[in-house]
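Using the working numbering, you'd call the opening residue of the sequence shown number 10 and step up by one each time.
Glycine included, every Cβ here is placed at the ideal spot set by N, Cα and C.
Being a predicted model, the structure only gives us computed values, none of them experimental.
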Amino acid sequence: MFVAGVMPGILMGCLLMMVIYIYSRKDNFPRMEKTTWKQRGKATLEALPCLGIPVMIIGGIVSGIVTPTEAAALAVVYALVLSMIYKTITWKSLWKCVVQSAVDSGAIMLIVGGCYLFGWVISNERITVILTEALVGMDCSLVLKLLIINAALLIVGMFMDSSPAILLVAPILAPAMQSLGIDPIQTGLIICINLVLGLSTPPVGVCLYAATNISKVSFGETVRAAMPFLLATLGALLLITYVPVLSQIPFMILGK
């Protein structure tokens, strides 16, 4: 699924860059001063140690040397070493980070435990079977069914963080989507993009409140500024949903 998300990610990035370009032309944003090749080379050399983190994560996962979990752990250790070298973190602040991580991990484990219980209830009450039969039995086209699923996932993403939402939604939705003939990888992309997009969608988008707090403006101003970007992302989501070949292009290139 990681590889399948490459083209959808590029598509979303291009659409967001188009929005930024339109705004920059409309509001006449000032241009940055041109940099010399010497300045570019110096900046690249300074950034190389930090650029090693995404290379380590992506390269490790794609090559199969490490699992995603192991890649994340290696990236954390590497980032800690860099922080110590650049002296951007002290032993005291490191201890605070460890304590906060332990608290967050404990909360996540409680959620995971609750999700396992929820999964047992789903299985025992045959909810996946009922939902599958309901979706298949709906007297409407596949296009409308997928639109309803997208809307439902978007609403879930508005009120829940993506990690617990995936644990709750995926076991229910995956069998139903498979019954509609949707590839499991395509299903995973649709779920992930919807839930992450929900974090930036009013009225309860967590990311909107974070942006409001950082930028020191009203929530309404943040929502108005975010709307063009949300619409662009929704457009990308619809393309990803109804043009499944987008997620298959990397596999075609790799010959898999």
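Buried or exposed by the 16-neighbour rule on C-beta atoms within 10 Å, applied to residue i
i	result
Ser172	exposed
Gly166	buried
Leu155	buried
Ile191	buried
Gly115	exposed
Ala52	exposed
Ala13	buried
Leu126	exposed
Gly214	buried
Leu57	exposed
Met169	buried
Val217	Before going on, a small fix: residue 217 reads as Leu here, not Val. Result: buried.
Thr231	buried
CB of residue i within 7 Å of CB of residue j, strictly
i	j	result
Leu255	Ile249	yes
Ile258	Met16	yes
Leu24	Ala220	no
Gly207	Leu163	yes
Ala174	Leu144	no
Gly245	Met21	The question names Gly, but residue 245 is Ala in the sequence shown. Yes. Within cutoff.
Asn203	Asn159	yes
Ile70	Pro77	yes
Nearest to residue i (by Cα), restricted to the options the options
i	options	result
Ile194	Pro253, Leu240, Tyr95	Pro253
Ile67	Met10, Ala80, Met236, Met21	Ala80
Pro146	Trp129, Ala52, Leu189, Glu134	The sequence given here places Gly at residue 146; Pro does not occur at that position. Looking at the Cα atoms, Leu189 is the closest of the given residues.
Pro237	Gly197, Thr97, Ala116, Thr210	Thr210
Ile139	Leu208, Ala183, Ser102	Ala183
Leu153	Ala82, Leu89, Leu247	Leu247
Phe11	Ser72, Ile157, Lys35, Glu42	Ser72
Tyr251	Trp46, Glu42, Gly18, Leu151	Leu151
Ser110	Tyr30, Trp129, Thr97, Ala82	Ala82
Phe38	Thr44, Tyr30, Thr45	Tyr30
Pro212	Val85, Ile94, Arg233, Lys96	Arg233
Residue-chain proximity (residue i, chain B), Cβ-Cβ < 7 Å
i	result
Lys154	No chain B appears in this structure, which consists of one protein chain only.
Integer Cβ distance of residue i from residue j, believed to fall under 8 Å
i	j	result
Cys59	Leu103	The Cβ separation is near 18 Å, so there is no contact.
Val178	Ile200	6 Å
Ile74	Ile136	Wrong, their Cβ atoms sit about 39 Å apart, outside the cutoff.
Tyr87	Gly50	Going by Cβ atoms, the distance from Tyr87 to Gly50 rounds to 24 Å, so no, they are not a contact pair.
Within the region 43 to 116, ranges of the alpha helix (DSSP H) (whole runs, at least 4 residues): 46 to 72, 77 to 95
Only counting runs of 4 or more residues, tell me where the alpha helix (DSSP H) segments fall wholly within the region 193 to 239, in order along the chain. 193 to 207, 215 to 224
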